[in-house]
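The opening position of the sequence shown corresponds to residue 0 in numbering that gives the first Met the number 0, with each subsequent residue numbered one higher. Idealized CB from N, CA, C, for every residue including glycine. For reference, the structure discussed in these notes is given below.
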Amino acid sequence: MAKSMRSKRKKRLRSLRREIVEPFYDKKEAAKLAAQELALAAPKLPVRVRKADADAPAEPTAAMDIKNKVML
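See below:
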């Protein structure tokens with residue numbers, strides 16, 4: 000009979016813990032969703048194009064080095 004009482008007590012404690020913890024996770028999830036919505040609603044930042052990137056050669060330098068070694 001004592002084992003049954005212990006089992007019931009453990010179950011009750013588990014359910015109480017669950018009830019205590021659930022609001023914390025609900026608040027955390029709500030805060031996360033609010034932050035996501037805020038980030039999506041924010042104005043988009045313009046993409047900056049560097050002049051150096053536009054003037055860069057089409058081939059990577061490693062490929063050019065290999066070509067130079069083959070020619071020599």
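- Between the alpha carbons of P45 and L39 lies a distance of about 15 angstroms.
- Taking C-alpha positions only, K26 is separated from R16 by approximately 16 angstroms.
- P22 carries a helical assignment under DSSP once its states are collapsed to helix, strand and coil.
- For L44, the three-state secondary structure derived from DSSP is coil.
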